[in-house]
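Notes follow once the structure below has been shown.
2 protein chains.
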Amino acid sequence: MNGHIMQPALNLETIKVACSNCNLRELCMPVGFNVDEMKRLDEVVEKRRRVKQGELLFNSGDTFTSLYAIRTGFFKTCVTSEDGREQVTGFQMAGEIIGMDGIVSDRHNCNAVALEDAEVCVMPFATVEDLSRELPALQRHVHKIMSREIVRENSVMMLLGNMRAEERLAAFLLNLLQRLHARGLSQSELVLRMTREEIGSYLGLKLETVSRAFSKFSEDGIIEVKQRYVKVLEPDALKKIFNPQTY
Amino acid sequence: MNGHIMQPALNLETIKVACSNCNLRELCMPVGFNVDEMKRLDEVVEKRRRVKQGELLFNSGDTFTSLYAIRTGFFKTCVTSEDGREQVTGFQMAGEIIGMDGIVSDRHNCNAVALEDAEVCVMPFATVEDLSRELPALQRHVHKIMSREIVRENSVMMLLGNMRAEERLAAFLLNLLQRLHARGLSQSELVLRMTREEIGSYLGLKLETVSRAFSKFSEDGIIEVKQRYVKVLEPDALKKIFNPQTY
DNA sequence: CGCTGCCTTGACCATGGTCAAGGTGCGTGG
DNA sequence: CCACGCACCTTGACCATGGTCAAGGCAGCG
Chain Z
1 MNGHIMQPAL NLETIKVACS NCNLRELCMP VGFNVDEMKR LDEVVEKRRR
51 VKQGELLFNS GDTFTSLYAI RTGFFKTCVT SEDGREQVTG FQMAGEIIGM
101 DGIVSDRHNC NAVALEDAEV CVMPFATVED LSRELPALQR HVHKIMSREI
151 VRENSVMMLL GNMRAEERLA AFLLNLLQRL HARGLSQSEL VLRMTREEIG
201 SYLGLKLETV SRAFSKFSED GIIEVKQRYV KVLEPDALKK IFNPQTY
Chain A
1 MNGHIMQPAL NLETIKVACS NCNLRELCMP VGFNVDEMKR LDEVVEKRRR
51 VKQGELLFNS GDTFTSLYAI RTGFFKTCVT SEDGREQVTG FQMAGEIIGM
101 DGIVSDRHNC NAVALEDAEV CVMPFATVED LSRELPALQR HVHKIMSREI
151 VRENSVMMLL GNMRAEERLA AFLLNLLQRL HARGLSQSEL VLRMTREEIG
201 SYLGLKLETV SRAFSKFSED GIIEVKQRYV KVLEPDALKK IFNPQTY
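Residue numbers (UniProt numbering), protein chains in the order written: chain Z, 1 to 247; chain A, 1 to 247.
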């Protein structure tokens with residue numbers, strides 16, 4: 001609601017199209033490069049692309065050509081089954097890389113939709129591959145990013161397979177806050193960029209259940225909710241819900 | 001039950017420790033190499049390792065050093081939450097690669113347990129990285145394998161988030177059969193290598209629910225079940241359960 | 001100012017979880 | 001070779017979680 005918790009609050013005009021002087025570099029690119037390597041790294045970003053709220057960055061079935069590093073904005077990725085059911089597979093924010101689902105079949109396997117106006121760095125995958133043959137640190141980084149996604153999905157499977165509604169929402173909020181905090185934002189306040197229905201789709205719940213869980217946390221004094229604004233009053237209580245064995 | 005549906009029925013004695021003359025090459029390695037490149041490829045397999053039924057190939061927390069290509073046998077991978085809940089994240093069979101969860105943090109993030117006596121090719125990841133800087137086809141292959149795992153996990157998320165018990169089991173059976181068929185085994189018969197509880201953990205269901213779903217399919221004449229032996233009598237009916245909109 | 005999209009809440013219900021009892025088949029040791 | 005024990009599976013009865021359906025509220029926008 002108020003300025004200091006809007007995420008992310010980056011001024012586009014001050015940013016040049018180059019990884020070497022990008023303030024998100026540490027989030028989306030490997031560290032420990034010398035100046036020369038840094039220059040080479042700038043080659044991977046072909047251009048920037050703006051995506052308006054509600055628009056698709058890529059669609060399931062599109063030919064895969066590039067990975068995308070999110071500069072600003074917020075995305076969701078979804079898969080759709082043949083009979084039309086939609087599953088949100090992730091929410092991505094500045095500094096994160098999307099599009100890796102497309103590598104295996106040269107076609108994207110999910111949609112990426114901007115949940116707010118966004119800007120991404122387009123990184124043609126052929127260039128990424130060429131360069132990562134020359135720069136072992138880049139190669140290692142690409143492998144790590146994909147591995148991280150595999151590990152993230154493992155924990156979503158745990159969430160969907162084993163957790164109850166309130167545990168899922170607690171885990172979701174803690175994860176979002178942790179990622180926002182890593183970007184210099186508050187550890188306790190956030191503005192959700194997605195609807196209750198999108199949260200529910202991600203968590204394997206209906207929107208009413210998500211809403212009820214929010215209300216429950218609010219009644220219990222654990223959080224303060226007003227529409228999409230959420231403030232965590234009792235982080236330990238949230239963690240306890242998420243992981244009841246602790247304590 | 002009878003010989004021709006046992007999986008996999010490979011004679012270890014006839015196999016040399018080299019990708020270049022491995023009968024699973026097409027499943028776990030890229031195609032289109034010339035003889036020279038093929039020779040180089042053999043370098044990635046450091047050695048073979050046998051894992052007895054019930055033993056761990058790697059444990060969550062172990063230092064990550066290698067990927068493993070399954071030669072023979074059948075594995076499950078599991079993640080365990082802090083409070084001890086276990087989630088089976090996948091079942092892997094001959095020709096599939098496991099261990100990619102370890103790349104991001106240099107530690108394995110899940111367990112891999114042999115569900116039957118198994119043999120794997122140990123591929124030190126440092127070697128894989130070195131060689132894939134020289135062989136673009138290998139590089140591309142490594143990327144595809146990881147992307148494939150991401151896409152697989154996306155569809156598990158769909159399954160866990162959106163499907164009902166019987167749909168999950170139908171999808172599971174169809175997926176297993178399709179993979180076994182790709183290995184030259186029957187399209188309609190299989191012997192499950194995992195318990196009802198393990199199936200349930202993978203599918204986000206309790207073992208009783210899995211058992212009931214098997215019984216239901218059996219009553220409906222869609223499959224024939226006897227303990228771990230399953231024969232699909234009506235594949236179309238199974239597909240219809242899995243994807244009710246079709247037809 | 002009214003429309004629209006999103007959210008909340010209540011009442012009811014269905015799916016699948018829990019608990020319990022008993023069955024089946026296999027491996028081991030007598 | 002048989003018997004026992006164990007691990008795994010099946011089935012029933014009951015119950016809880018979360019889904020469904022419905023009504024109404026709130027906030028932002030044209």
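By construction, the Cβ of each residue, glycine as well, lies at the ideal position given by its N, Cα and C atoms.
Straight-line measurement puts the Cα of A/F91 at about 21 Å from the Cα of A/R212. In the structure shown, Z/C121 falls within a strand segment according to DSSP collapsed to helix, strand and coil. By the C-beta criterion, the stretch 177-188 of chain Z is judged not to be in contact with the stretch 125-139 of chain A, since fewer than 3 inter-stretch pairs fall below 8 Å. Counting the other CB atoms within 10 Å of its CB gives Z/K76 a total of 16 or more, which places it among the buried residues. Ranked by how close their Cα comes to the Cα of Z/M157, the residues A/L205, A/G102 and A/L135 have A/L205 in first place. Taking a beta-carbon distance threshold of 8 Å, Z/V210 does not count as an interface residue toward chain A.
Counting along the chain, A/L56 sits inside the beta strand (DSSP E) bounded by residues L56 to F58. Rounded to the nearest whole angstrom, the C-alpha separation of A/L173 and A/L203 is 11 Å. Residue state for Z/S66 is assigned as strand, using DSSP reduced to three classes.
Of the candidates Z/N162, Z/V191, Z/E167 and Z/D117, Z/N162 places its Cα closest to the Cα of A/V88. According to the DSSP assignment, A/I145 belongs to the alpha helix (DSSP H) that extends over P136 to N162. Setting aside the 5 residues that flank it on each side, A/A170 is surrounded in the same chain by L238, I241 and F242, each with a C-beta closer than 7 Å to its C-beta; the list follows chain order. Closest option to A/V191, judged by alpha-carbon separation, among A/F125, A/P30 and A/V230: A/V230.
When C-beta distances to chain A are compared with 7 Å, every residue of the stretch 50-67 of chain Z stays at or above that value.
For A/F33, the three-state secondary structure derived from DSSP is coil.
Taking 3 residues as the minimum length, the beta strand (DSSP E) runs contained wholly in the stretch 160-228 of chain Z are 189-191 and 223-226, in order along the chain.
At a cut-off of 8 Å between beta carbons, A/C110 contacts chain Z.
As a beta-bridge residue in DSSP terms, Z/K231 pairs with Z/E189 and Z/E224. Boundaries for Z/E26: no beta strand (DSSP E) harbours it, while the alpha helix (DSSP H) harbouring it runs R25 to C28, taken from the DSSP string. When the five nearest sequence neighbours on each side are left out, the beta carbons in the same chain lying within less than 7 Å of the beta carbon of Z/D101 are those of H108, N109 and C110, in order along the chain.
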